[in-house]
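What follows is one structure encoded as structure tokens, with my remarks underneath.
In the working numbering, the protein residues as written are 23 to 466.
Here it is in structure tokens:
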């Protein structure tokens, strides 16, 4: 990867890409042209035969590595090059308040072409399109970093309860909704759809038809998985609020495969990426993020509105996973394990929002009633089949008896005719005997 990076020369552009330029000069200074030479080479930078790229393009090419470098710079005061860009777009986007304080958000805002602040007019809807050059894997890298960051800051708020930590968390939420791309699964075909959460929330709050048509993000978003288990069977034809819903996406297996064997080092070193946490922890963080930050509809929504149950065989597995997690937390009490404390808080929040214990009991009761009704219906069908078979046997026996009777009558009739023939022959026989006797006497 480093070899590929050296094959590209970055042309600094502090006017068009101020934050990206500063980032590349700081981390890839050896691969950047001197700023004084940039105007000379910029005219040929777009030619494919020349390995010259803009700072933004370089970050896109090596997004995963750059994202981790930028995460190391979070909350670092921007000095030097940033101060020389006092009139840059980043300052205008933040309204001049704490301009350039957070390198990560400033950088993501620039390369995704999304201002960190909301538009001044609520009637103005931002472009809800992911810029070209970002792959789904790039977006997932940023999305998971944002989810882990939100979870840890939320947990810090729960522990400290200070207004400062709460304000910092709310600021992070605002940036995530504005800048971080989010993926949904469409009901038609199950394809991925990337957008930004700020537009989804704006559409949910604004009932104007024009806004709904522009954003296309007013569909109800349903939580598809819980504790790594897919919740639903076939939901084809389901509609909520007269529209087909959308579904949350699962973390790609390629990212989950990078998870660590232990999560303890992640929080200790402020590494908020999947490779710093266990697989189960990352899944729990993601599902908490979907429920708390994104506002995905938990299983209780479909159960209350459409009586749609979670797949029966999944329920005991989810309850077993919850019980196993709670046992882990019980064993870790008093150990000052930050990850276990985080997981325990997230689990409590997820359980409070999903109410799986209560609704699973209700689903089991309904399923039992359905099974009893099905058993009764099956018994009624069995009895009906038995009655039908008995009737058919009776009718067959009656037809067989009728045939036997007819056969017997035929045989009797034939026997009678035979006897009548025999009786006629016997009446002729005495006359013949008399004639024979007369003839014999005459002979004597």
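Where is the CB? At the ideal position from N, CA and C, for every residue including glycine.
Fair warning: this is a prediction, and the values are worked out from it, not measured in the lab.
Query raised in the report: From residue 361 to residue 294, what does the alpha carbon distance come to, in whole angstroms?
Result: One-based indexing of the chain shown puts residue 361 at position 339. One-based indexing of the chain shown puts residue 294 at position 272. Approximately 12 angstroms between the Cα atoms of the pair.
Requested in this report: Check whether the region 367-385 touches the region 327-339, taking contact to mean three or more Cβ pairs, one atom from each stretch, closer than 8 angstroms.
Outcome: Under the three-pair Cβ rule at 8 angstroms, the region 367-385 counts as touching the region 327-339.
Query - alpha helix (DSSP H) runs wholly inside the region 271-346, at least 4 long, in chain order - result: Scanning the region 271-346 from its first residue to its last, the whole alpha helix (DSSP H) runs of 4-plus residues come out as 275-278, 286-290, 301-311 and 321-328.
Requested in this report: Pick helix, strand or coil for residue 198, following the three-state DSSP scheme.
Outcome: What you label residue 198 is simply residue 176 of the chain shown in a count that begins at 1. Residue state, collapsed to three classes: helix.
Query raised in the report: Should residue 151 go down as buried or exposed, given a rule of 16 or more other Cβ atoms within 10 Å for buried?
Result: Residue mapping note: residue 151 aligns to position 129 of the chain shown, counting from 1. Exposed, since its Cβ has fewer than 16 Cβ neighbours within 10 Å.
Query - Short Cβ contact (8 angstroms threshold) for residue 253 with residue 198 - result: Counting from 1 along the chain shown, the entry for residue 253 is found at position 231. Counting from 1 along the chain shown, the entry for residue 198 is found at position 176. In this structure, residue 253 lies away from residue 198, with their beta-carbon atoms at least 8 angstroms apart.
Query - Three-way DSSP call (helix, strand, coil) for residue 248 in this model - result: For the purposes of this step, residue 248 is taken as residue 226 along the chain shown, with counting starting at 1. Strand.
Query raised in the report: Taking the C-alpha atoms as reference points, what is the distance between residue 396 and residue 376?
Result: In the chain shown, counting from the first residue as 1, residue 396 sits at position 374. In the chain shown, counting from the first residue as 1, residue 376 sits at position 354. So the alpha carbons of these two residues sit roughly 29 angstroms apart.
Requested in this report: Would you decide whether residue 256 is buried or exposed? Buried here means 16 or more other CB atoms lie within 10 Å of its CB.
Outcome: What you label residue 256 is simply residue 234 of the chain shown in a count that begins at 1. By the 10 Å Cβ count, residue 256 comes out exposed.
Requested in this report: Decide if residue 380 is buried, meaning its Cβ has at least 16 other Cβ atoms within 10 Å, or exposed.
Outcome: On the chain shown, residue 380 is found 358 positions in, with the first residue counted as 1. Looking at its Cβ environment, which holds fewer than 16 other Cβ atoms inside 10 Å, residue 380 is exposed.
Requested in this report: Since I believe residue 268 is in contact with residue 309 (beta carbons under 8 angstroms), could you give me their beta-carbon distance rounded to a whole number of angstroms?
Outcome: Taking the first residue of the chain shown as 1, we reach residue 309 at position 287. Taking the first residue of the chain shown as 1, we reach residue 268 at position 246. Between residue 268 and residue 309 the Cβ distance is about 16 angstroms, and since that is not below 8 angstroms, they are no contact.
Query raised in the report: Under the three-state reduction of DSSP, which class applies to residue 372: helix, strand or coil?
Result: Translated into the one-based positions of the chain shown, residue 372 becomes position 350. Three-state DSSP puts residue 372 in a helix.
**Report entry** Backbone secondary structure at residue 218 - three-state DSSP
**Finding:** Residue numbering aside, residue 218 sits at position 196 when the chain shown is read from its first letter. Looking at residue 218 - three-state DSSP - the assignment turns out to be strand.
**Report entry** Of the residues 207, 174 and 202, the one placed nearest residue 366, counting alpha carbons only
**Finding:** Locating residue 366 in the chain shown gives position 344, where the first residue counts as 1. Ranking the options by Cα distance to residue 366, first place goes to 174.
**Report entry** Which residues DSSP lists as bridging residue 262, in chain order
**Finding:** Locating residue 262 in the chain shown gives position 240, counting from the first residue. In the DSSP assignment, residue 262 is bridged to 265.
Report task. Give the secondary structure of residue 62 by DSSP, where H, G and I count as helix, E and B as strand, and everything else as coil. Result -> Here residue 62 refers to the residue found at position 40 when the chain shown is read from its first residue. Under the three-state reduction of DSSP, residue 62 is assigned to helix.
Query raised in the report: CB-CB under 7 angstroms to residue 167, same chain, minus the five flanking residues each way: which ones, in chain order?
Result: Counting from 1 along the chain shown, the entry for residue 167 is found at position 145. Cβ neighbours of residue 167 beyond the five flanking positions: 89, 93, 294 and 295.
Query - Other residues of its chain near residue 262: CB distance less than 7 angstroms, five sequence neighbours each side excluded - result: What you label residue 262 is simply residue 240 of the chain shown in a count that begins at 1. So the list reads 242 and 327, once near-sequence residues are dropped.
Query raised in the report: Under 8 angstroms, do residue 271 and residue 299 count as touching if we go by C-beta distance?
Result: Here residue 271 refers to the residue found at position 249 when the chain shown is read from its first residue. Here residue 299 refers to the residue found at position 277 when the chain shown is read from its first residue. Residue 299 is positioned such that its CB atom lies no closer than 8 angstroms to that of residue 271.
Query - Between the CA atoms of residue 179 and residue 187 - distance to the nearest angstrom - result: Residue numbering aside, residue 187 sits at position 165 when the chain shown is read from its first letter. Residue numbering aside, residue 179 sits at position 157 when the chain shown is read from its first letter. Cα-Cα distance, rounded: 6 angstroms.
Query raised in the report: Bridge partners of residue 205, per DSSP?
Result: By one-based count along the chain shown, residue 205 stands at place 183. Bridge partners of residue 205: 216.
Query raised in the report: With distances taken between CB atoms, is the gap from residue 200 to residue 138 smaller than 8 angstroms?
Result: Along the chain shown, one-based indexing puts residue 200 at 178. Along the chain shown, one-based indexing puts residue 138 at 116. Going by C-beta atoms, residue 200 is nearer than 8 angstroms to residue 138.
**Report entry** Local Cβ density within 10 Å of residue 162, reported as buried at 16 or more and exposed below that
**Finding:** Residue mapping note: residue 162 aligns to position 140 of the chain shown, counting from 1. With 16 or more Cβ atoms within 10 Å of its Cβ, residue 162 is classed as buried.
Query raised in the report: residue 75 by DSSP, collapsed to three states: which one?
Result: What you label residue 75 is simply residue 53 of the chain shown in a count that begins at 1. Of the three classes helix, strand and coil, the one that applies to residue 75 here is strand, per DSSP.
Query raised in the report: In its own chain, which residues sit with a C-beta less than 8 angstroms from the C-beta of residue 81, not counting the 5 before and 5 after it?
Result: Residue numbering aside, residue 81 sits at position 59 when the chain shown is read from its first letter. For residue 81, same chain residues with a beta-carbon under 8 angstroms away, outside a window of 5 residues either side, are 42, 45, 46, 88, 129 and 133 in chain order.
Query - Among 318, 62 and 184, the one whose alpha carbon lies nearest that of residue 206 - result: Residue numbering aside, residue 206 sits at position 184 when the chain shown is read from its first letter. Of the candidates 318, 62 and 184, the one whose C-alpha sits nearest the C-alpha of residue 206 is 318.
**Report entry** Supposed contact pair residue 165 and residue 203 - C-beta distance, whole angstroms, cut 8 angstroms
**Finding:** Locating residue 203 in the chain shown gives position 181, counting from the first residue. Locating residue 165 in the chain shown gives position 143, counting from the first residue. With a contact defined as Cβ atoms closer than 8 angstroms, residue 203 and residue 165 qualify at about 7 angstroms.
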